[in-house]
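Protein chains: 2
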Amino acid sequence: MTNRTLIEQLNWRYATKKMDPTKSLPQEKLDAILEAIRMAPTSSGTQPFEVIVVTNKDKLQLIQKAASDQTPITEGSHLLVFAAWDNYTDERIDEVVDLMTQERGELPLINTYYDNLKANYLPRDAEVNYAHAARQAYIALGVALVAAAEQEVDSTPMEGFSPPHVDEILSLTERGLRSVVLLPLGYRDASADWLLPMKKVRKEQNTMITHVD
Amino acid sequence: MTNRTLIEQLNWRYATKKMDPTKSLPQEKLDAILEAIRMAPTSSGTQPFEVIVVTNKDKLQLIQKAASDQTPITEGSHLLVFAAWDNYTDERIDEVVDLMTQERGELPLINTYYDNLKANYLPRDAEVNYAHAARQAYIALGVALVAAAEQEVDSTPMEGFSPPHVDEILSLTERGLRSVVLLPLGYRDASADWLLPMKKVRKEQNTMITHVD
Numbered sequence: 028m029t030n031r032t033l034i035e036q037l038n039w040r041y042a043t044k045k046m047d048p049t050k051s052l053p054q055e056k057l058d059a060i061l062e063a064i065r066m067a068p069t070s071s072g073t074q075p076f077e078v079i080v081v082t083n084k085d086k087l088q089l090i091q092k093a094a095s096d097q098t099p100i101t102e103g104s105h106l107l108v109f110a111a112w113d114n115y116t117d118e119r120i121d122e123v124v125d126l127m128t129q130e131r132g133e134l135p136l137i138n139t140y141y142d143n144l145k146a147n148y149l150p151r152d153a154e155v156n157y158a159h160a161a162r163q164a165y166i167a168l169g170v171a172l173v174a175a176a177e178q179e180v181d182s183t184p185m186e187g188f189s190p191p192h193v194d195e196i197l198s199l200t201e202r203g204l205r206s207v208v209l210l211p212l213g214y215r216d217a218s219a220d221w222l223l224p225m226k227k228v229r230k231e232q233n234t235m236i237t238h239v240d
Numbered sequence: 028m029t030n031r032t033l034i035e036q037l038n039w040r041y042a043t044k045k046m047d048p049t050k051s052l053p054q055e056k057l058d059a060i061l062e063a064i065r066m067a068p069t070s071s072g073t074q075p076f077e078v079i080v081v082t083n084k085d086k087l088q089l090i091q092k093a094a095s096d097q098t099p100i101t102e103g104s105h106l107l108v109f110a111a112w113d114n115y116t117d118e119r120i121d122e123v124v125d126l127m128t129q130e131r132g133e134l135p136l137i138n139t140y141y142d143n144l145k146a147n148y149l150p151r152d153a154e155v156n157y158a159h160a161a162r163q164a165y166i167a168l169g170v171a172l173v174a175a176a177e178q179e180v181d182s183t184p185m186e187g188f189s190p191p192h193v194d195e196i197l198s199l200t201e202r203g204l205r206s207v208v209l210l211p212l213g214y215r216d217a218s219a220d221w222l223l224p225m226k227k228v229r230k231e232q233n234t235m236i237t238h239v240d
């Protein structure tokens with residue numbers, strides 16, 4: 028645990044291109060990252076995604092092949108696969124309602140709220156609902172990137188992969204899930220990563236932030 | 028600044044339903060949150076969204092009307108509107124390339140990379156590109172939620188609003204932007220917020236995290 032500020036953590040992290048395959052995350056660092064993902068907020072508390080933690084070498088090699096051979100997938104010690112619900116369903120929302128009721132007690136408010144949510148979500152196209160669920164996974168991705176930096180663990184967010192292939196490799200389709208984004212976790216190989224010495228590039232605040240006073 | 032861990036920060040925060048309109052964020056806390064948003068990672072470093080910081084009372088009232096009258100919009104002292112690019116364009120990518128070149132020097136790698144990106148993105152439907160840009164804004168939303176908690180500032184992520192109305196109120200369409208998510212910032216009214224005393228509800232890790240060893 029460190030006393031660095033969030034800004035310092037965000038400046039420390041970078042999309043690691045070369046990881047050291049001899050180093051592995053200790054369990055407590057992995058746990059801290061997963062716990063941050065679990066606590067990340069989502070729309071109406073639905074948490075409409077799951078995270079698959081892959082350490083199986085054969086699966087990792089297959090996933091790397093489905094991801095333009097990006098090596099951090101096998102050089103890192105753990106791969107997180109964020110997989111969003113393929114749709115909102117009665118059953119999935121009912122599980123959320125059951126958990127809310129269990130934790131907060133029987134409140135008419137809860138049922139009314141989620142009945143309205145169902146009336147809104149369930150008639151929509153699966154693709155619209157999946158897109159919404161995927162956005163929630165991205166909130167957790169943002170939180171996970173911070174969590175990894177806090178733990179001084181390197182990570183590489185990756186969108187460049189074939190979701191259908193990864194879904195097949197991990198048997199996600201039959202679980203009603205679709206892979207959204209990959210996040211290898213590990214430790215940078217500081218002597219071999221071409222990106223590490225390069226300056227971090229971000230737009231100036233005045234080109235992306237405007238004020239309406 | 029505090030020494031709380033990320034997990035402690037995530038447990039402290041909640042989607043504040045009632046803010047105290049007499050309290051206002053000091054400039055340095057707003058700046059820290061905006062700086063975290065600016066430093067949030069995005070796909071290929073494109074940062075394909077902007078943030079509008081609204082403090083204008085008339086605009087805030089109009090936005091609140093377009094958001095089912097959710098009161099934190101006017102009770103908070105600042106409203107962040109995350110607005111994603113409506114499409115990827117040659118000009119927008121060229122600006123990214125120019126910035127990269129300015130910061131890292133003239134590298135053939137940079138041009139090749141973004142030429143490939145253009146060949147991939149530009150032929151796609153605007154809606155596909157907007158959806159991709161919106162996801163990047165959600166990474167920054169996740170980071171912003173952490174940044175606010177670090178600063179002990181309350182925030183309320185909101186998807187329940189009419190994007191076309193907010194786009195019109197803030198004249199976003201003519202800037203090629205579409206509003207994605209709202210984030211009022213302020214301070215909780217601890218005595219009047221019905222949600223504050225309720226237990227925070229999250230799924231157990233074993234219902235959303237699986238391992239493939």
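Residue numbers (our numbering), protein chains in the order written: chain P, 28 to 240; chain S, 28 to 240. From the three backbone atoms N, C-alpha and C, an ideal C-beta is built for every residue, glycine too.
Closest to residue i by CA distance: which of the options is it?
i         : options                                    : result
S/Leu-107 : S/Asn-83, S/Ala-160, S/Gln-36, S/Asp-121   : S/Asn-83
S/Lys-50  : S/Val-193, S/Ser-104, S/Val-228, S/Thr-237 : S/Ser-104
S/Gln-232 : P/Met-46, P/Arg-31, P/Ile-79               : P/Ile-79
S/Trp-221 : S/Glu-133, S/Lys-45, S/Arg-119, S/Leu-149  : S/Lys-45
P/Ile-201 : P/Pro-68, P/Trp-112, P/Leu-52, P/Thr-101   : Here residue 201 of chain P is Glu; the residue named in the question, Ile, does not match the sequence. Among P/Pro-68, P/Trp-112, P/Leu-52, P/Thr-101, the Cα nearest to that of P/Glu-201 belongs to P/Trp-112.
P/Thr-32  : S/Arg-215, S/Gln-178, S/Val-207            : S/Gln-178
S/Pro-224 : S/Gln-36, S/Asn-30, S/Arg-40               : S/Arg-40
P/Gln-54  : P/Gly-213, P/Thr-139, P/Leu-199            : P/Gly-213
P/Ile-64  : P/Ala-167, P/Pro-190, P/Thr-237            : P/Ala-167
S/Val-208 : S/Met-235, S/Asp-142, S/Ala-93             : S/Ala-93
P/Leu-126 : S/Lys-227, S/Asn-38, S/Asn-114             : S/Lys-227
S/Asp-47  : S/His-238, S/Met-235, S/Ala-164, S/Ala-219 : S/Ala-219
S/His-238 : P/Leu-199, P/Ala-164, P/Val-123            : P/Leu-199
P/Pro-68  : P/Ala-164, P/Arg-151, P/Pro-190            : P/Ala-164
P/Thr-234 : S/Glu-130, S/Asp-85, S/Val-123, S/Asn-30   : S/Val-123
P/Asp-194 : P/Asn-30, P/Val-81, P/Leu-57, P/Lys-56     : P/Val-81
Do residue j and residue i count as a contact pair if the criterion is CB distance below 9 angstroms?
i         : j         : result
P/Phe-188 : P/Gln-88  : no
S/Gly-203 : P/Leu-172 : no
S/Arg-229 : P/Gln-74  : yes
P/Thr-76  : P/Ala-160 : Before going on, a small fix: residue 76 of chain P reads as Phe here, not Thr. Yes.
S/Leu-4   : S/Val-180 : A query on residue 4 of chain S cannot be resolved here, the shown segment of chain S reaching from 28 to 240 and no further.
S/Met-66  : P/Ile-34  : yes
S/Leu-144 : S/Ser-71  : yes
S/Asn-114 : S/Asn-147 : no
S/Thr-183 : S/Ala-42  : yes
P/Ile-90  : P/Ile-196 : yes
S/Ala-176 : S/Leu-37  : yes
S/Leu-149 : S/Met-185 : no
S/Asp-216 : S/Glu-102 : yes
S/Asn-138 : P/Asn-30  : no
Strictly below 8 angstroms CB to CB, what residues from chain P border residue i?
i         : result
S/Glu-177 : Thr-32, Leu-33
Can you find a C-beta in chain P that's less than 9 angstroms from the C-beta of residue i?
i         : result
S/Ser-189 : no
S/Met-225 : yes
S/Glu-118 : no
S/Glu-195 : no
S/Met-28  : Because S/Met-28 sits at a pLDDT of 48, beneath the cut-off of 50, its placement in the model cannot be relied upon, and the point is left open.
S/Met-235 : yes
S/Met-184 : A quick correction: the sequence has Pro, not Met, at residue 184 of chain S. For S/Pro-184, the answer is yes, since a Cβ of chain P falls inside 9 angstroms of its Cβ.
S/Gln-91  : no
S/Tyr-148 : no
Check whether the Cβ of residue i lies closer than 9 angstroms to any Cβ atom in chain S.
i         : result
P/Leu-168 : yes
P/Glu-102 : no
P/Pro-68  : yes
P/Val-78  : yes
P/Gln-74  : yes
P/Ala-42  : yes
P/Leu-172 : yes
What residues from chain S crowd round residue i, counting only those whose CB sits closer than 7 angstroms?
i         : result
P/Asp-240 : Thr-82, Asn-83
P/Glu-130 : Lys-226, Val-228
For a contact meaning CB atoms closer than 9 angstroms, what does residue i contact in chain P?
i         : result
S/Asn-38  : Met-66
S/Tyr-115 : Simply none; closest approach about 14 angstroms.
Under 9 angstroms between C-beta atoms, does residue i make it to chain B?
i         : result
P/Arg-162 : No chain B appears in the structure shown, which is made up of the protein chains P and S.
List the residues of chain S whose Cβ lies closer than 8 angstroms to the Cβ of residue i, in chain order.
i         : result
P/Met-127 : Val-228
P/Leu-61  : Gln-232, Ile-236
P/Ala-158 : Ala-158
For residue i, go through chain P and note every residue whose CB falls closer than 7 angstroms to its CB, in chain order.
i        : result
S/Lys-86 : Val-239
Using a C-beta to C-beta distance shorter than 9 angstroms, which residues of chain S count as neighbours of residue i?
i         : result
P/Tyr-141 : Ordered by position in chain S, no residue passes the 9 angstroms Cβ test against P/Tyr-141, which lies about 12 angstroms from the chain.
Those runs of the alpha helix (DSSP H) which lie wholly inside the stretch 106-150 of chain S and span at least 4 residues | DSSP runs (the alpha helix (DSSP H)) wholly in the stretch 106-150 of chain S: 117-131, 135-148.
Sequence ranges, alpha helix (DSSP H) only - wholly within the stretch 143-217 of chain S, length at least 4 = Runs of the alpha helix (DSSP H) lying entirely within the stretch 143-217 of chain S and spanning at least 4 residues, in chain order: 153-177, 190-196.
At what residue ranges does the stretch 30-56 of chain S contain a whole run of the alpha helix (DSSP H), taking only runs of 4 or more?
-> Counting whole runs of 4 or more residues, the stretch 30-56 of chain S contains the alpha helix (DSSP H) stretches 33-39.
Where are the alpha helix (DSSP H) runs, 4 residues long or more, that stay fully inside the stretch 71-101 of chain P, in chain order?
-> Counting only runs that start and end inside the stretch 71-101 of chain P, the alpha helix (DSSP H) elements of at least 4 residues fall at 84-92.
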